[in-house]
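Below you'll find the structure, written out as structure tokens, and then a few comments.
In this note's numbering, the protein residues as written are -2 to 165.
Structural data, given as structure tokens:
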């Protein structure tokens, strides 16, 4: 059985088309994944900046300030620690070994963002402290907030030197 010239050309065209479509699909998926990752990174930076702004807004007042924050997709919890209480702060994270190890290792951070895939990002917001007087978190051993459908709701109280954060 021999192929006629037209059939061979048609088979070649089909194979070439399948290869091009496969290549475009692979590259398209890779591009979309990169784009989504960059969007989450931007959302995390925006959250960090908004947190610093909220601290600045409440720093020198005795008022309480409620704020809602949009957080990146995949955030499981946001935890707050007091950097200047490093030994005591480690005790507050018994349920979160990754945070406990970061604090114990001397990491300069007071905000810990835990993702559903088990990873963590941390950063430092100047003059931000976790509220320890009249502790508003469910339990002093777990100073973390889980984002709801409307984002992350937090309450800030200024005392002149610092802004204390707690669940909103």
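Don't be surprised by glycine CBs; every beta carbon is placed ideally from N, CA and C.
Taking C-alpha positions only, residue 79 is separated from residue 51 by approximately 17 Å.
Of the residues assessed, residue 109 falls on the buried side of the cut-off, its CB having 16 or more other CB atoms within 10 angstroms. A distance of 9 Å or more separates the beta carbons of residue 162 and residue 49. Here residue 125 carries a strand assignment [DSSP, helix/strand/coil].
By a beta-carbon distance limit of 8 Å, residue 72 does not contact residue 142. Their separation comes to about 10 Å. In this structure, the straight-line span from the alpha carbon of residue 19 to that of residue 61 is close to 56 Å. Residue 65 places its beta carbon 9 Å or farther from that of residue 157.
Residue range 117 to 120 is occupied by the beta strand (DSSP E) that includes residue 118.
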